[in-house]
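Residue numbers for the sequence shown, in UniProt numbering: 1 to 145.
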Amino acid sequence: MTEVTNTALTVRAGAAGDVEEVLAFWSDAAEGTDRRDSADAVRGLIERDPEALLIAELDGRIVGTVIAGWDGWRCHLYRLAVDPAHRRKGIARVLLEVAEKRFAEYGGIRADAMVLDDNTLAHHAWTAAGYVRQPQWGRWVKPLQ
Ligand SMILES: CC(C)(COP(=O)(O)OP(=O)(O)OC[C@H]1O[C@@H](n2cnc3c(N)ncnc32)[C@H](O)[C@@H]1OP(=O)(O)O)[C@@H](O)C(=O)NCCC(=O)NCCS
């Protein structure tokens, strides 16, 4: 696992012991979280791919996350979130750099993220990191449960 330290900021992979803190962090910091988030679901993610959940820490506290999902074919980013008290310090930028490095190690050629059309705060961060909205695609969904 790649560990990156930028001043006091550390990015590491999340482990089972982080699950409750991550859920609490998402309820404060993330946008559009799935109401079916659960400790079991996050544990399942970590068991399936121990390097997917990236956690940024400052002084031992979670200040940012992103899920860097590599499924063997594509590179998908979820749950980019930064503590409101620590925004505009480059934490999202560092998290995305670590995620992209992970994807590159697997040979991924393109990363993507689902971003709400009215989440202009996120648009700034994704644009700054080099991501571009593709207007020709839409999201097609079907609930499975
Ligand atoms: C979007 C989010 C993750 C950005 O995190 P962040 O750590 O504040 O972002 P960074 O400090 O790394 O910003 C990187 C660049 O993005 C742009 N940016 C980020 N926030 C911005 C804002 N509020 N206004 C304008 N530009 C912004 C800037 O270019 C910035 O670089 P700069 O500060 O050197 O100018 C954070 O605002 C957040 O958690 N929002 C709520 C959750 C969310 O919407 N997540 C995205 C889901 S798709």
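A virtual CB, placed ideally from N, CA and C, is assigned to each residue, including glycine.
- Proximity to S27 across T10, D117, T65 and D49 peaks at T65, based on C-alpha coordinates.
- One alpha carbon belongs to A8, the other to P135, and they sit about 38 angstroms apart.
- Put simply, the region 45-52 does not touch the region 79-98. Fewer than three CB pairs are less than 8 angstroms apart.
- The C-alpha of W73 lies about 26 angstroms from the C-alpha of A16.
- The three-state secondary structure of W26, taken from DSSP, is helix.
- V42 has its Cβ no nearer than 7 angstroms to any heavy atom of ligand 1.
- Bridge partners of V66 according to DSSP: L54.
- Following the DSSP letters along the chain, one finds Y106 inside the alpha helix (DSSP H) bounded by residues I91 to Y106.
- The alpha-carbon separation between R102 and E31 amounts to approximately 24 angstroms.
- Contact between G14 and I55 is confirmed by a C-beta separation of about 5 angstroms, below the 8 angstroms threshold.
- Here V42 carries a helix assignment [DSSP, helix/strand/coil].
- Within the same chain, A13 come within 7 angstroms of P50 by CB-CB distance, once the 5 residues on both sides are set aside.
- When DSSP states are grouped into helix, strand and coil, T10 belongs to the strand group.
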